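Below is one structure, written out as structure tokens; the observations come after it.
Residue numbers (the numbering used here), protein chains in the order written: chain F, 13 to 372; chain P, 105 to 686.
Structure, rendered in structure tokens:
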């Protein structure tokens with residue numbers, strides 16, 4: 013599993029989980045206040061500092077990749093929807109997809125604006141800023157320590173136990189699911205070759221049904237198991253873990269609070285646009301660089317030609333001038349071609365994948 | 105003065121909306137005694153255990169008559185949290201009782217709840233881990249442990265509570281023979297040194313006979329017998345009727361006393377022999393006296409099989425990709441011929457199940473070639489392999505999902521794309537084979553575990569496979585249940601099918617299989633006809649296995665004219681005749 017605790021013996025490992033919980037709370041508090049596009053710099057600072065925590069805690073970067081992959085659909089969705097609908101900030105149009113005038117032609121939701129995409133980016137960064145802090149908590153704190161510190165905070169035993177059980181059930185569900193899929197496969201049930209529609213409509217029933225029944229039974233057994241072991245017998249459970257605050261915990265709190273206060277300072281008192289400007293410079297140089305390079309090797313011409321060819325196809329024109337942008341000529345075509353290329357690549361890969369024979 | 109830890113008087117219990125589970129049970133258990141509870145599935149063993157620590161009536165409701173007193177407390181008047189401080193229970197399924205996320209906190213969980221001092225908790229955890237043989241695994245997560253290891257952790261977690269009464273519900277169901285013996289020795293040691301009262305349910309009568317002070321036999325909620333092991337096991341025929349398998353030594357003694365007049369009187373004073381040693385001493389004495397003699401009878405030979413390989417492994421190595429990669433198979437080569445009845449035996453985690461999964465294409469060999477019917481498995485779809493191989497899993501709950509038993513059986517056949525007529529024909533035949541015709545319209549989850557397992561087996565048989573693989577037919581199955589599965593397999597073998605069985609129940613393997621393959625640490629360390637394999641002492645020891653009681657006995661009697669390893673009570677009984685002497 014991706015977010016489980018693995019003993020690594022780093023300073024973060026030994027740190028009190030409460031400190032890390034505080035970190036999570038502050039991350040949330042900060043993010044709630046970063047709503048404007050120009051707060052992007054503050055979010056970036058926060059994320060960079062969180063990365064330092066990752067490095068100190070030896071949290072695998074792989075799990076960050078996993079997180080991003082998990083959220084990538086959300087991000088793409090955010091970019092597109094915000095790009096099309098957000099009508100503040102830089103109104104430069106990147107791409108005109110179709111015509112969808114609203115407000116009596118005041119704005120066109122078929123046009124993707126720079127400001128909109130930027131706002132999508134801010135939202136994505138807000139999500140990342142919070143999500144990045146979670147593995148720092150879950151992957152460096154053993155469950156026993158978490159429960160001890162929660163008990164210290166006077167969280168009721170039952171609530172803590174619910175929390176632990178949830179963590180215990182995640183791998184259990186995963187394991188049962190694998191076993192069930194295997195069991196159905198050997199009965200000739202071929203999930204891999206079923207189409208998506210078929211999968212949704214029919215194929216998951218033989219897998220979800222046993223899983224649910226199994227989990228209900230497990231939950232019942234668990235009740236027996238905790239009762240058999242005197243859960244709740246004494247008001248004060250013995251805490252096995254030592255969770256008193258040590259020097260490193262105070263240092264941790266100091267670092268977290270100073271980072272947080274610094275970000276708040278930037279946010280409310282001196283909204284310097286240093287990182288903002290840097291970012292704008294970076295984006296401009298990259299795009300002009302690529303543009304120049306493309307022009308130099310004649311791709312821009314090619315794309316313009318492709319564009320006009322595509323535009324001359326009557327049907328495409330009707331859809332709403334898909335390839336008809338005034339700015340950044342032909343970049344829509346680039347994206348479209350890349351997309352088409354990718355789809356073709358996937359199709360070819362699927363065809364050439366090791367084909368299994370059917371036994372006579 | 106000894107006091108009674110448990111006093112049960114005329115206890116009758118009916119589950120809410122459920123069957124009558126216990127009927128007129130009366131027993132007294134003294135402090136420091138070990139009580140073995142025997143009985144088939146559904147005989148009320150677990151219900152009795154639940155009574156002892158207050159799970160009934162707190163978790164499961166029902167109506168009760170009679171009285172029960174645990175260490176001076178009445179479960180119906182005492183809150184479960186008070187009761188659970190006196191009595192601790194280890195459940196059947198080691199998987200579900202893991203309440204925390206790693207082994208050490210699992211061991212701390214119980215005593216923490218009791219508010220035991222911290223230093224004492226650490227001491228107990230260290231002691232329990234040592235005693236149960238799980239030292240060094242403290243930081244493992246449950247999913248990184250094998251079934252046997254989980255069971256040991258569950259036992260250790262029960263021990264750390266240092267209860268007055270320890271209730272063990274099938275604590276060794278997933279352990280290999282040597283592991284089972286170890287656990288029973290631990291239990292024995294605890295009862296002696298800590299004066300703990302122990303109630304243990306088990307299907308492993310050999311071990312119960314060896315160590316229990318008292319044995320209770322239940323059948324459909326009623327007490328069939330209660331007394332010392334010798335008293336109880338002398339009623340071997342009665343026990344067989346209610347689905348309890350007495351130790352082979354006892355069965356042999358009973359069979360011989362029926363055949364040879366006066367035999368019973370010979371052991372009447374010392375009690376019926378229940379261990380190999382006792383039985384050997386008795387037989388040796390009687391043979392020396394000339395009261396009995398041995399006439400060698402050839403055991404029936406398995407039919408010769410022609411060499412026509414259906415399953416082949418060539419130098420297969422397999423490594424599980426994980427945080428810590430585990431090599432489960434190391435350079436394994438094996439050929440199984442058509443019509444063979446093969447048993448793969450070995451310790452937990454020796455690679456038995458991994459090996460079998462290769463045949464089905466569920467796992468792909470890291471190195472080497474796997475062939476089914478001469479075709480390379482890596483080139484076949486799993487769906488098409490399923491036509492020729494059926495695997496009957498340990499846990500039927502992983503596969504049952506349909507609204508009725510009949511639909512359940514049809515599922516696999518529809519996956520094969522057979523015509524309707526043939527489907528209904530095959531379903532009927534398979535239901536007939538396992539004897540479940542009456543329940544064909546019932547929702548499988550409402551059946552007992554044993555019957556669910558039969559449904560899963562029927563679903564496998566209906567596929568009409570050339571090769572049938574049984575994965576551990578003993579798990580959570582009583583004596584009758586495991587034999588039913590093996591007998592089905594035997595009948596299929598007579599029709600020319602190939603059977604592969606994975607098990608660590610030596611009695612079962614000895615009785616049904618013809619060829620044994622012994623695995624240890626991912627390697628095949630012995631392979632041959634069963635009677636020869638049981639003579640390979642070193643290899644068996646390496647695989648943590650022990651030959652069955654009768655085989656051990658026949659090895660001891662080698663000097664008296666038993667020429668070969670015998671595997672069943674009947675074979676041994678045939679060889680022993682009344683002697684002409686005094």
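Where is the CB? At the ideal position from N, CA and C, for every residue including glycine. All values derive from a computational prediction rather than experimental measurement.
9 Å Cβ cut-off: residues of chain P touching residue 317 (chain F) | Residue mapping note: residue 317 (chain F) aligns to position 305 of the first chain, counting from 1. Correct list: empty, because the minimum Cβ distance to chain P is about 47 Å.
Looking at the structure shown, is residue 27 (chain F) part of a helix, part of a strand, or coil, going by DSSP?
-> As a position in the first chain, residue 27 (chain F) is number 15, starting the count at 1. Coil, per DSSP.
Check the Cβ of residue 196 (chain F) against every Cβ in chain P and list those closer than 7 Å, keeping chain order.
-> As a working note, residue 196 (chain F) is residue 184 in the first chain. Going along chain P in sequence order, the residues near residue 196 (chain F) (Cβ under 7 Å) are 503.
Own chain, CB closer than 7 Å to residue 156 (chain P), minus 5 neighbours either side, in chain order = Translated into positions along the second chain, residue 156 (chain P) becomes position 52. Taken in chain order, the residues that qualify are 110, 174, 191, 269, 271, 303.
Consult DSSP for residue 670 (chain P) and reduce its assignment to one of helix, strand or coil.
-> Working through the second chain from its first residue, we reach residue 670 (chain P) at position 566. Three-state result, residue 670 (chain P): coil.
Can a CB atom of chain F be found closer than 8 Å to the CB of residue 225 (chain P)?
-> Sequence index remark: in the second chain, residue 225 (chain P) carries index 121 (1-based). Chain F, which has a Cβ nearer than 8 Å to the Cβ of residue 225 (chain P), makes this yes.
According to DSSP, is residue 245 (chain P) helix, strand or coil?
-> For the purposes of this step, residue 245 (chain P) is taken as the residue at position 141 of the second chain. If DSSP states are grouped into helix, strand and coil, residue 245 (chain P) belongs with coil.
Under 8 Å between C-beta atoms, does residue 139 (chain P) make it to chain F?
-> The residue you call residue 139 (chain P) lines up with position 35 of the second chain. Closer than 8 Å: no.
Is residue 532 (chain P) closer than 8 Å to residue 554 (chain P) when the C-beta atoms are compared?
-> Mapped onto the second chain, residue 554 (chain P) falls at position 450. Mapped onto the second chain, residue 532 (chain P) falls at position 428. No, the Cβ-Cβ distance between residue 554 (chain P) and residue 532 (chain P) is not below 8 Å.
Which residue from P:357, P:419, P:492 puts its Cα closest to that of residue 465 (chain P)?
-> What you label residue 465 (chain P) is simply residue 361 of the second chain in a count that begins at 1. For the options P:357, P:419, P:492, the alpha carbon positioned closest to that of residue 465 (chain P) is the one of P:492.
What's the call for residue 641 (chain P), buried or exposed, on a 16-neighbour Cβ count within 10 Å?
-> Residue mapping note: residue 641 (chain P) aligns to position 537 of the second chain, counting from 1. By the 10 Å Cβ count, residue 641 (chain P) comes out exposed.
Residues in its own chain within less than 8 Å of residue 234 (chain F) by CB, not counting five upstream and five downstream?
-> Here residue 234 (chain F) refers to the residue found at position 222 of the first chain. Counting only Cβ-Cβ distances below 8 Å, and skipping sequence neighbours, we find 177.
Going by beta carbon distance, what residues of the same chain come within less than 6 Å of residue 317 (chain P), once the five residues before and after it are set aside?
-> Taking the second chain and counting its residues from 1, the one referred to as residue 317 (chain P) is at position 213. Answer for residue 317 (chain P): 137, 138, listed in chain order.
Assumed close pair residue 151 (chain F), residue 64 (chain F) - CB separation to whole angstroms, cut-off 8 Å = As a working mapping, residue 151 (chain F) is identified with position 139 in the first chain. As a working mapping, residue 64 (chain F) is identified with position 52 in the first chain. Residue 151 (chain F) to residue 64 (chain F), Cβ: 15 Å. No contact.
Residue closest to residue 563 (chain P), alpha-carbon to alpha-carbon, out of P:530, P:644, P:372, P:591 = As a working mapping, residue 563 (chain P) is identified with position 459 in the second chain. Closest option to residue 563 (chain P), Cα to Cα, is P:530.
Opposing strand residues paired with residue 450 (chain P) [DSSP bridges] = Looking up residue 450 (chain P) in the second chain gives position 346. By DSSP's assignment, residue 450 (chain P) forms a beta bridge with P:623.
Taking just the CA atoms, how far does residue 334 (chain P) sit from residue 259 (chain P)?
-> On the second chain, position 155 is the one that residue 259 (chain P) refers to. On the second chain, position 230 is the one that residue 334 (chain P) refers to. Cα to Cα, residue 259 (chain P) sits roughly 27 Å from residue 334 (chain P).
C-beta neighbour in chain P for residue 19 (chain F), strict 8 Å | In the first chain, counting from the first residue as 1, residue 19 (chain F) sits at position 7. Interface residue, yes.
Which residue from F:222, F:26, F:199 puts its Cα closest to that of residue 549 (chain P)?
-> In the second chain, counting from the first residue as 1, residue 549 (chain P) sits at position 445. If we check each option's Cα against that of residue 549 (chain P), F:222 comes out closest.
Mind the definition here: the stretch 295-309 of chain P touches the stretch 346-358 of chain P only if three or more C-beta pairs lie below 8 Å; say whether that holds.
-> yes
Work out the CA separation of residue 340 (chain P) and residue 610 (chain P) for me, nearest whole Å.
-> For the purposes of this step, residue 610 (chain P) is taken as the residue at position 506 of the second chain. For the purposes of this step, residue 340 (chain P) is taken as the residue at position 236 of the second chain. Cα to Cα, residue 610 (chain P) sits roughly 20 Å from residue 340 (chain P).
Less than 8 Å separating the beta-carbons of residue 606 (chain P) and residue 440 (chain P)?
-> Translated into the one-based positions of the second chain, residue 606 (chain P) becomes position 502. Translated into the one-based positions of the second chain, residue 440 (chain P) becomes position 336. Result no, Cβ atoms of residue 606 (chain P) and residue 440 (chain P) do not sit closer than 8 Å.
On the premise that residue 557 (chain P) lies in contact with residue 509 (chain P), defined as a C-beta separation below 8 Å, what is that separation, rounded to the nearest angstrom?
-> Translated into the one-based positions of the second chain, residue 509 (chain P) becomes position 405. Translated into the one-based positions of the second chain, residue 557 (chain P) becomes position 453. Contact flag wrong, Cβ pair sits at about 12 Å.
For residue 140 (chain P), the three-state DSSP class (helix, strand or coil) | By one-based count along the second chain, residue 140 (chain P) stands at place 36. Looking at residue 140 (chain P) - three-state DSSP - the assignment turns out to be strand.
Residue 655 (chain P) CB to nearest chain F CB: under 8 Å?
-> Here residue 655 (chain P) corresponds to residue number 551 of the second chain, with the count starting at 1. Taking Cβ atoms only, chain F never reaches closer than 8 Å to residue 655 (chain P), which makes this a no.
Could you give the C-beta distance for residue 278 (chain P) and residue 195 (chain F), rounded to a whole number, given that I count them as a contact under 8 Å?
-> The count along the second chain starts at 1 and reaches residue 278 (chain P) at position 174. The count along the first chain starts at 1 and reaches residue 195 (chain F) at position 183. So it is not a contact: roughly 18 Å between Cβ atoms.
So is residue 455 (chain P) buried or exposed if we call it buried at 16+ other beta carbons inside 10 Å?
-> Position 351 of the second chain, counted from the start, is the residue given in the question as residue 455 (chain P). Under this definition residue 455 (chain P) is a buried residue.
Chain F contact for residue 515 (chain P) (CB, 8 Å cutoff) = Counting from one through the second chain, the residue named residue 515 (chain P) turns up at place 411. By this cut-off, residue 515 (chain P) is an interface position.
For chain P, is any of its Cβ atoms less than 8 Å away from the one on residue 39 (chain F)?
-> Looking up residue 39 (chain F) in the first chain gives position 27. False, the Cβ-Cβ gap to chain P never drops below 8 Å.
Beta-carbon separation (whole angstroms), residue 185 (chain F) vs residue 227 (chain F), contact threshold 8 Å = The count along the first chain starts at 1 and reaches residue 185 (chain F) at position 173. The count along the first chain starts at 1 and reaches residue 227 (chain F) at position 215. So it is a contact: roughly 7 Å between Cβ atoms.
Using a C-beta cutoff of 8 Å, does residue 152 (chain F) count as contacting chain P?
-> Residue numbering aside, residue 152 (chain F) sits at position 140 when the first chain is read from its first letter. Taking Cβ atoms only, chain P never reaches closer than 8 Å to residue 152 (chain F), which makes this a no.
Cβ neighbour criterion (16 or more within 10 Å) applied to residue 58 (chain F) = Position 46 of the first chain, counted from the start, is the residue given in the question as residue 58 (chain F). With 16 or more other Cβ atoms within 10 Å, it is buried.
Report the neighbours of residue 176 (chain F) on chain P: residues whose CB is nearer than 8 Å to its CB, in chain order.
-> By 1-based counting over the first chain, the position of residue 176 (chain F) is 164. The contacting residues are 203, 204, 205.
Residue 575 (chain P) in three-state terms, based on DSSP = Your numbering for residue 575 (chain P) matches position 471 in the second chain. Residue 575 (chain P): strand per DSSP, three-state reduction.
Contacts of residue 28 (chain F) in chain P (Cβ-Cβ under 9 Å) = What you label residue 28 (chain F) is simply residue 16 of the first chain in a count that begins at 1. Result: empty, since nearest Cβ-Cβ is about 17 Å, beyond 9 Å.
Give a yes or no on whether the minimum CB-CB distance between residue 244 (chain F) and chain P is below 8 Å.
-> Counting from 1 along the first chain, the entry for residue 244 (chain F) is found at position 232. Chain P, which has a Cβ nearer than 8 Å to the Cβ of residue 244 (chain F), makes this yes.
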